[in-house]
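Data first, discussion second: the structure below is written as structure tokens.
2 protein chains.
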Amino acid sequence: MEVNSIKINFATYLQVGIFASSKPNFTMNTAQNTKDRIIELGRNYMQRIGYHSFNYKQIALELNIKNASIHHYFPSKEDLGLAVIEKDRQDFIYLTQKVKKAKAMDKLEALIASYEYYYREGKKLCVISTFSSSYNEITERMQLAASQYAELVTAWLAATLKEGLESGEFSFKGSVEDLANIWMAMMPGALLVGRTGGQAAFDRTINSLRQTVKSS
Amino acid sequence: MEVNSIKINFATYLQVGIFASSKPNFTMNTAQNTKDRIIELGRNYMQRIGYHSFNYKQIALELNIKNASIHHYFPSKEDLGLAVIEKDRQDFIYLTQKVKKAKAMDKLEALIASYEYYYREGKKLCVISTFSSSYNEITERMQLAASQYAELVTAWLAATLKEGLESGEFSFKGSVEDLANIWMAMMPGALLVGRTGGQAAFDRTINSLRQTVKSS
DNA sequence: TATAATCTACCTGTATGTAGGTAGTTGCTT
DNA sequence: AAGCAACTACCTACATACAGGTAGATTATA
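From first to last, the protein sequence lines are chains A and B. If you count by this note's numbering, then the first sequence holds residues 1 to 216, one letter each, in order. If you count by this note's numbering, then the second sequence holds residues 1 to 216, one letter each, in order.
Next up, the structure:
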């Protein structure tokens with residue numbers, strides 16, 4: 001009993017350590033149980049090394065559980081892939097709620113901050129581009145989930161751009177939809193460019209992106 | 001003797017078929033021997049499904065040779081990866097030579113044409129973004145080769161943008177280097193966006209990219 | 001005691017890579 | 001020009017490693 005309670009406390013301590021070094025994408029880390037922790041670590045690995053290069057063993061080692069235990073929560077890898085996409089989508093929705101009353105530029109900056117975080121924390125890709133990169137070799141359900149999530153972000157971007165345009169905060173030529181597309185392409189593109197070109201290339205690209213809403 | 005000559009003719013016939021269905025990236029297909037054909041098919045697969053998902057067996061089947069024969073030409077997968085990057089770099093150089101005397105916009109259109117070809121032929125990524133996607137799980141030599149190749153393209157873009165700006169063909173704000181960075185991010189970004197968003201999303205992104213050199 | 005969480009111990013498939021061999025060609029030497 | 005060496009382009013067969021996944025037992029918890 002005592003041994004067990006010590007074990008549990010130590011595990012809890014470890015979890016805190018894990019959380020501290022693997023911050024969430026958009027929001028505070030809410031992983032408390034093993035299942036959430038698996039999703040969190042899975043997302044991390046997928047963004048770093050891709051859906052296919054990631055494997056259960058890596059997570060099992062970090063959580064001090066066995067491979068088979070992960071299958072208990074996620075019978076197939078696809079299940080975990082879908083859970084990661086869904087978690088990221090929820091976190092994105094949470095972010096948009098949090099900045100609902102902020103200025104349009106601050107909304108965009110909140111999204112940019114996520115991407116800057118991705119880059120700094122191990123040159124990660126965002127979840128959408130992670131699955132886009134592997135698009136031709138993932139199941140249809142994952143393709144669909146990724147596409148729907150991408151559409152959600154695109155719609156939010158368009159709405160935010162429209163808002164800033166109508167309030168006079170932004171000024172740009174071309175349609176709101178076109179600029180939303182540019183952001184959708186350039187944000188993951190900046191992460192890719194940052195991988196080969198380093199921090200400076202990443203920063204320049206993000207700064208150029210910011211300029212697109214300022215009388216361009 | 002006769003049997004052999006028939007065999008050879010049949011093999012030659014097959015090769016023609018293979019070439020017809022796997023066009024090159026920037027230039028005419030020059031693959032004549034097995035080694036070049038392996039590079040060509042390898043590049044194709046890598047752009048479609050990524051460096052790690054691609055495997056020797058797929059090529060072996062298509063070329064009607066055995067797995068081990070590919071190791072004869074490329075002892076390790078890294079060797080083939082490096083050969084693919086180098087081949088693509090050479091093809092890019094060939095493309096730039098071909099359009100050396102063209103107008104700046106035509107130069108950019110030549111590059112765009114490659115990307116439209118990638119998208120239409122199986123939603124491929126470009127070689128640089130293929131290796132960027134797997135950047136954290138490829139060898140240092142491949143990282144370096146990809147980075148150097150990316151730098152080459154960036155420099156060519158900057159030179160071309162400068163050329164068009166000075167001739168009055170283009171008009172844009174911001175520095176030539178910044179716009180080169182935008183192109184470097186948006187072209188692969190368009191391919192990623194096209195995977196989740198389909199042809200329309202890809203086309204819109206590419207069209208937006210074209211607008212960046214026209215009084216933006 | 002029922003259920004959840006986790007374990008041990010497997011199986012299957014497959015990818016990279018190696019060892020060693022063969023048939024045919026090219027090139028060198030006398 | 002004959003004969004041998006060396007090379008090219010493959011082959012068969014195997015070694016190694018590891019990933020995804022399953023079955024059934026065990027332990028902890030409500």
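Quick reminder that beta carbons are idealized off the backbone N, C-alpha and C, glycines included.
Asked                                                                                                                                        : Found
Where residue 101 of chain A falls, given that 16 or more other Cβ within 10 Å makes a residue buried                                        : exposed
Chain-order list of residues whose beta-carbon lies under 6 Å from that of residue 190 of chain A (same chain, five-residue window excluded) : 202, 205 and 206
Reference residue 193 of chain A; option with closest CA among B:59, B:119 and B:183                                                         : B:183
Residue range of the alpha helix (DSSP H) that includes residue 114 of chain A                                                               : 104-120
Sheet register partners of residue 171 of chain B (DSSP bridge)                                                                              : B:214
Reduced DSSP secondary structure (H/G/I, E/B, other) of residue 188 of chain B                                                               : helix
Limits of the unbroken alpha helix (DSSP H) element including residue 84 of chain B                                                          : 77-98
Near-chain B residues of the segment 118-138 of chain A - C-beta to any C-beta below 9 Å                                                     : 122, 123, 124, 125, 128, 129, 130, 131, 132, 133, 134, 135, 136 and 137
Contacting positions in the segment 30-57 of chain A - beta carbon closer than 7 Å to chain B                                                : 48, 49, 50, 52 and 53
Nonlocal neighbours in the same chain, by C-beta distance under 6 Å from residue 163 of chain A, ignoring five residues either side          : 104
Beta-carbon spacing of residue 188 of chain B, residue 129 of chain B below 8 Å                                                              : yes
Coil, strand or helix - residue 64 of chain B by DSSP                                                                                        : coil
Classification of residue 72 of chain B by the beta-carbon crowding that lies within 10 angstroms, buried from 16 upward                     : exposed
Cβ-Cβ distance between residue 63 of chain B and residue 34 of chain B below 8 Å                                                             : yes
Pairwise C-alpha distance: residue 40 of chain B and residue 112 of chain A                                                                  : 38 Å
Simplified DSSP assignment, three categories, for residue 41 of chain A                                                                      : helix
Cβ separation of residue 99 of chain B and residue 107 of chain B, assumed to be a contact under 8 Å, to the nearest whole Å                 : 5 Å
Under 8 Å (Cβ pairs) to chain B, residues found in the segment 172-186 of chain A                                                            : 173, 174, 177, 178, 179, 181, 182, 184, 185 and 186
Cutoff 8 Å: residue 82 of chain B Cβ touching any chain A Cβ                                                                                 : no
Three-pair Cβ contact test at 8 Å for the segment 154-161 of chain B versus the segment 171-181 of chain B                                   : yes
Straight-line gap, residue 195 of chain B to residue 77 of chain A (C-alpha atoms, nearest Å)                                                : 21 Å
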